[in-house]
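Novice: This structure is in structure tokens; I'll ask about it shortly.
Residue numbers (this note's numbering): 154 to 282.
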């Protein structure tokens, strides 16, 4: 059946599993909210206060709090990924943008509601949450 659903996946960030990660191929940055950082079970990561202006879902300009490196893990792939931190309400735990997709050499498909990538043990698929 046809649909227009966004691609939302489950991903482990810094040792904590989050089920509302938006895969956004139009986003030039990976984004995580300060609220999500507070839910991480490991010690809160240190934010590098390199601020960046961003546009919110409502089209408003939002200033980031900085950048934080987080370990992302799925299947047998574990990478350190840079996320821009915002103190702004988001409907998602985080947004995975082009930087993360390029880092993992992942291919997203909104139509098939999955994300495919190569791991050391072969091709892997993350299906929608």
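Don't be surprised by glycine CBs; every beta carbon is placed ideally from N, CA and C.
Name, in chain order, the residues that DSSP records as bridge partners for residue 201.
Specialist: Answer is 220, bridged to residue 201.
Novice: Would you call the stretch 213 to 233 and the stretch 159 to 177 in contact, with 3 or more CB pairs under 8 Å?
Specialist: Touching, yes, given that three or more Cβ pairs across the two stretches are closer than 8 Å.
Novice: Using 8 Å as the Cβ pair cut-off and three pairs as the minimum, do the stretch 194 to 203 and the stretch 265 to 273 touch?
Specialist: Contact fails: fewer than three Cβ-Cβ distances are below 8 Å.
Novice: In whole angstroms, what separates the C-alpha of residue 261 from that of residue 196?
Specialist: Straight-line Cα distance between these residues: approximately 31 Å.
Novice: Please report the straight-line C-alpha distance between residue 218 and residue 172, rounded to a whole angstrom.
Specialist: Each residue's Cα considered, the two are about 23 Å apart.
Novice: Nearest to residue 167 by CA position, among 175, 192, 210, is which residue?
Specialist: The candidate whose alpha carbon is nearest that of residue 167 is 192.
Novice: Based on DSSP bridge pairs, tell me the residues matched to residue 258.
Specialist: DSSP lists no partner for residue 258.
Novice: In chain order, what residues of the same chain lie with their CB nearer than 6 Å to the CB of residue 182, ignoring the 5 residues before and after it?
Specialist: Cβ neighbours of residue 182 beyond the five flanking positions: 237, 250.
Novice: Apart from the five residues just before and just after residue 263, which ones in its own chain have a Cβ nearer than 6 Å to its Cβ?
Specialist: So the list reads 160, once near-sequence residues are dropped.
Novice: Exposed or buried, which one is residue 284 when buried takes at least 16 other CB atoms within 10 Å?
Specialist: Missing from the structure shown is residue 284; the chain here goes from 154 to 282 and no further.
Novice: Does the distance from the CB of residue 178 to the CB of residue 254 come in under 8 Å?
Specialist: In contact: residue 178 and residue 254 (Cβ atoms closer than 8 Å).
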